[in-house]
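Residue numbers (this note's numbering): 29 to 392.
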């Protein structure tokens, strides 16, 4: 059954004009390095995101080993690597303090740093900062989030960091409630200069990590805002687009209300979807959050309704929609892997593990 699912997946992938990969590595319960590969591609029903399989690697694995194994796998499946437009990888470069301290004292555990002012300042600062990073992480999680949404959220967070720096330098600590509480309770002098530098370094780290996304901002935004996109600022090369034909088709699209109204309607739908999403997150309604329409489905619907005379624009939009915004799917697959191959099933073979994981993640 697993091989049949894989056969159907590969058939659809081979027919796709563009595809993207998400690749990550993790060790199972037997310390075998497992490389998971997710593929995003466009089918006749819309964007699909499927796990192509697991690649078990023995011994110490380097990035080159993973790349060679993935390339060989694609070649074995007859998938044209020239169709790949992007690859996403890891790229790895609450209790209150008083409750924690009380708990440790009750257990007679000696941690003198809990009485040290500088350490406590750093600790409360990290609590505040981690909470903000978790808020961003929640927005980036889940399937069906196109890359342009990740770009918007990451750009907004960088702007927020600028506000955090200004807040820290002013000493008001409006955005650092735990650090402010510690200062108020202990009368400590907060090392605002140290924390300001840490925040600036974080901002630089975000800018470096998302540099490629920012450089392709016009291309990524095209899928929701084609009427106001400057084609000279777009990177069409990975998608095999005829730039001249695209320009003419977009001029035609802008002048015909029958078709450009599709994107005015799309924006309204996306606004309503964002309102619902924020409401469910605020109310912690995670099940309801999963049931709302996917952003990518709404975008695909708008482009798919256009006639084939806008073929270059549709080809570009479909290609951009295949780009992974994150490797969330890989992380989710590894969580499933650890449940399937647990301590009580540690002798599960790599082949059976891949089959079980295929059934868990496939939509076929």
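Glycine included, each C-beta is placed from N, C-alpha and C at the ideal position.
> In its own chain, which residues sit with a C-beta less than 6 Å from the C-beta of residue 362, not counting the 5 before and 5 after it?
Replying inline: These residues qualify, in order along the chain: 54.
> Which residues in the same chain have their Cβ closer than 7 Å to the Cβ of residue 340, if we skip the five residues on either side of it in sequence?
Replying inline: Around residue 340: 269, 270, 273, 274 and 277.
>> Using only CA atoms, which one of 330, 41, 46 and 47 lies nearest to residue 105?
In response: Nearest neighbour of residue 105 by Cα position, chosen from 330, 41, 46 and 47, turns out to be 41.
>> Within 10 Å of its beta-carbon, does residue 247 have 16 or more other beta-carbons around it, so buried, or fewer, so exposed?
In response: Answer is buried; the Cβ neighbour count reaches 16.
> According to the neighbour-count rule (16 or more other Cβ atoms, all chains shown, within 10 Å of its Cβ), is residue 239 buried or exposed?
Replying inline: When all chains shown are included, residue 239 counts as exposed.
>> Quick check on the burial criterion: 16 or more other C-beta atoms within 10 angstroms. Buried or exposed for residue 289?
In response: Burial call: exposed.
> So residue 46 and residue 85 are in contact, right, with Cβ under 8 Å, and what is the actual spacing, rounded?
Replying inline: In fact, because the Cβ distance is near 28 Å, the residues do not count as touching under 8 Å.
>> For residue 72 and residue 43, I'd like the C-alpha separation in whole angstroms.
In response: One C-alpha to the other measures close to 10 Å.
> In three-state DSSP terms, what is residue 328?
Replying inline: Of the three classes helix, strand and coil, the one that applies to residue 328 here is helix, per DSSP.
> Name the DSSP bridge partner or partners of residue 64?
Replying inline: The partner list for residue 64 (beta bridge, DSSP) reads 52 and 82.
>> Taking the straight line between their C-alpha atoms, what separation do you get for residue 310 and residue 206?
In response: Rounded to whole angstroms, residue 310 to residue 206 spans 21 Å at the Cα level.
> Ends of the beta strand (DSSP E) at residue 114?
Replying inline: Run containing residue 114: 112-116, per the beta strand (DSSP E) assignment.
> Mind checking residue 221: buried by the 16 CB within 10 Å criterion, or exposed?
Replying inline: The C-beta of residue 221 has fewer than 16 other C-beta atoms within 10 Å across all chains shown, which makes the residue exposed.
>> Quick check on residue 124: buried or exposed, where buried means 16 or more other Cβ atoms within 10 Å of its Cβ?
In response: Low per-residue confidence applies at residue 124: pLDDT is 46, beneath 50, and the placement is therefore not dependable, though the value from the model is reported in the following sentence. Residue 124 is exposed by the Cβ-count criterion.
> Nearest-angstrom Cα distance between residue 304 and residue 312?
Replying inline: Rounded to the nearest angstrom, the two C-alpha atoms are 12 Å apart.
> For residue 394, which residues from the same chain have a beta carbon less than 7 Å from its beta carbon, with the 5 sequence-adjacent residues on both sides left out?
Replying inline: This structure cannot speak to residue 394, because the chain is shown only from 29 to 392.
> To the nearest angstrom, how far is it from the Cα of residue 421 to the Cα of residue 107?
Replying inline: Because the chain is modelled from 29 through 392, residue 421 falls outside the range shown and cannot be assessed.
> Under 7 Å between C-beta atoms, does residue 111 make it to chain C?
Replying inline: Among the chains of the structure shown, chain C does not appear; only one protein chain is present.
> Span of the alpha helix (DSSP H) holding residue 347?
Replying inline: Counting along the chain, the alpha helix (DSSP H) containing residue 347 begins and ends at 339-349.
> Which one or two residues does DSSP pair with residue 74 in a beta bridge?
Replying inline: Answer is 71, bridged to residue 74.
>> Please report the straight-line C-alpha distance between residue 364 and residue 331, rounded to a whole angstrom.
In response: Residue 364 and residue 331: Cα-Cα distance of roughly 34 Å.
>> Can you tell me which residues form a DSSP beta bridge with residue 47?
In response: DSSP output for residue 47 lists 69 and 112 as bridge partner(s).
>> According to DSSP, residue 335 sits in a beta bridge with which residue or residues?
In response: DSSP, once it has assigned bridges, lists no residue as partnering residue 335.
> What runs of the alpha helix (DSSP H), each 4 residues or longer, lie entirely inside the segment 169-221?
Replying inline: Complete alpha helix (DSSP H) runs here, min 4: 175-198 and 205-214.
>> Helix, strand or coil, according to DSSP, for residue 352 in the structure here?
In response: The answer is strand: DSSP assigns residue 352 an E or B state.
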